[in-house]
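In full-length UniProt numbering, the protein residues as written are 1 to 71.
Taking it in order: structure first as structure tokens, then the write-up.
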């Protein structure tokens, strides 16, 4: 993955469209899934945490949200 812009703190984002992972370093997400963004990469792939797993997802599928707690 490309250069990273490190987030100052973990931020919650919601997945606005279903994403199917194509490789082992990506994570599949259902529409409506709430993830924690750990790093925003300049190439558009963001490192996220979802259900205890850390992997990459496309930033274009994620929208910033507030007042949402992950389970």
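Ideal placement from N, C-alpha and C gives every residue a C-beta, glycine not left out.
These numbers were taken from a predicted model, which means no experiment stands behind them.
Checklist entry - Which residue's Cα is closest to the Cα of residue 27: 61, 10 and 54? => result 54
Item to check | Per DSSP, cross-strand counterpart(s) of residue 17 | outcome: DSSP, once it has assigned bridges, lists no residue as partnering residue 17.
Next on the checklist: Using C-beta distances below 8 Å, list every residue in its chain close to residue 65, excluding the 5 sequence neighbours before and after it, in chain order.
Outcome noted: 12, 13, 14 and 34
Next on the checklist: Within the continuous beta strand (DSSP E) that includes residue 75, where are the two ends?
Outcome noted: As displayed, the chain neither begins before 1 nor continues past 71, which places residue 75 out of reach and without an answer.
Next on the checklist: Since residue 46 and residue 29 should fall inside the 8 Å C-beta cutoff, what is the C-beta to C-beta distance between them, to a whole number of angstroms?
Outcome noted: Contact doesn't hold; Cβ gap of about 11 Å is too wide.
Checklist entry - According to DSSP, what are the bridge partners of residue 29? => result 19
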